[in-house]
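In what follows, a structure is listed as structure tokens, so that the remarks can point back to it.
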Amino acid sequence: MTPALSADRLDRFARHIVLPEVGGAGQARIMGAHVVLVGVGGIGAPALQYLAGAGVGRLTLIDDDVVEPSNLQRQTIFTLADVGQSKAEAAASWVDRFDPALAVEARRLRIRRDNAAALVSGADVVLDGSDNFATRLAVSDACVAAAVPLTSAALGRFQGQVANFAGHRPGEACYRCFVGDAFDADDCDTCAAQGVLGAMVGMVGTFGAMAVLRVLLEGVASLGDPQWGQLHVLDGLRPGLRTMRIAHDPACPACGHGSETDG
Numbered sequence: 010m011t012p013a014l015s016a017d018r019l020d021r022f023a024r025h026i027v028l029p030e031v032g033g034a035g036q037a038r039i040m041g042a043h044v045v046l047v048g049v050g051g052i053g054a055p056a057l058q059y060l061a062g063a064g065v066g067r068l069t070l071i072d073d074d075v076v077e078p079s080n081l082q083r084q085t086i087f088t089l090a091d092v093g094q095s096k097a098e099a100a101a102s103w104v105d106r107f108d109p110a111l112a113v114e115a116r117r118l119r120i121r122r123d124n125a126a127a128l129v130s131g132a133d134v135v136l137d138g139s140d141n142f143a144t145r146l147a148v149s150d151a152c153v154a155a156a157v158p159l160t161s162a163a164l165g166r167f168q169g170q171v172a173n174f175a176g177h178r179p180g181e182a183c184y185r186c187f188v189g190d191a192f193d194a195d196d197c198d199t200c201a202a203q204g205v206l207g208a209m210v211g212m213v214g215t216f217g218a219m220a221v222l223r224v225l226l227e228g229v230a231s232l233g234d235p236q237w238g239q240l241h242v243l244d245g246l247r248p249g250l251r252t253m254r255i256a257h258d259p260a261c262p263a264c265g266h267g268s269e270t271d272g
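In our numbering, the protein residues as written are 10 to 272.
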């Protein structure tokens, strides 16, 4: 049975509800969901705007960084008044102002192997927009162990990559199946060194938000096709989009035995 929506929430989300692909049941599902965002920077900030706009009922924001003036070119939830403040806390304040009905928690810390399990536990989906492979692999492994779906969104100059992973499900790939285990290190190229176009980051972040909604609506509304293990590669220069299938690796140390249990 679909929970009743109050008149003000019906009005706020009317454009979702009239979509046959979402409907009232889909909107109720979104409003009852818990999404964890790892990083509220270039990718996480625009994703947060549209997840909050969609009415995701509970949001946990994880980031240990502070707002810098150079962030404002692409992380448009922040203003000059936020410079020097915790990104997680400033982003949570933005959510409070945008929609006080949403529950939001700021976690000002860096997610690592020793704390990832506790941070992703209980989430309906985790959106990872972090900027290094060590964090991404720690998050992915924790999601597999906790049977939590993972949306991975990444950007390198004018190429974006977005995929949903369900490594806890039989035969489905996890993020580690995609990149292997050679990247368990913190070093990586940064947008400071490579440069980044704000609009391109926004495109990847909102594409990631769309991927999250597909996960949340699985089995509830027809938009709910997570497209597990399909890596969507966005080209911002031409522009274009191509999709490739990430195969499950039976030897993967994180999900290699997934076929023996049902997630």
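Heads up, the beta-carbon is just placed ideally off N, CA and C, and yes, glycines get one too.
query: Residue 51 versus 68, 42, 85, residue with shortest Cα-Cα distance; result: 85
query: Unbroken stretches of the alpha helix (DSSP H), 4 residues or longer, contained in the stretch 50-105; result: 53-63
query: Helix, strand or coil at residue 24 [DSSP, three-state]; result: helix
query: Residue closest to residue 189, alpha-carbon to alpha-carbon, out of 149, 239, 110, 24; result: 149
query: Inter-residue spacing [alpha-carbon to alpha-carbon] between residue 2 and residue 238; result: Nothing can be reported for residue 2, as the shown portion of the chain is limited to 10 through 272.
query: 9 Å Cβ cutoff met for residue 39 and residue 226; result: yes
query: Entirely enclosed alpha helix (DSSP H) segments - the stretch 203-272, minimum 4 residues; result: 207-225
query: Residues that residue 36 bridges to, as DSSP identifies them; result: According to DSSP, residue 36 bridges with nothing at all.
query: Touch test, the stretch 62-78 against the stretch 89-103, Cβ-Cβ under 8 Å, three pairs minimum; result: yes
query: Start-to-end residues for the beta strand (DSSP E) that takes in residue 161; result: 159-165
query: Under the three-state DSSP convention, the category residue 112 falls into; result: strand
query: Cβ neighbour criterion (16 or more within 10 Å) applied to residue 11; result: Unreliable placement is indicated for residue 11, whose pLDDT of 48 sits below 50; no coordinate value is reported for it.
query: Cross-strand partners of residue 172 (DSSP beta bridge); result: 161
query: Alpha-carbon to alpha-carbon, residue 53 and residue 219; result: 13 Å
query: Cβ-based burial, residue 16 [other Cβ within 10 Å; buried from 16]; result: exposed
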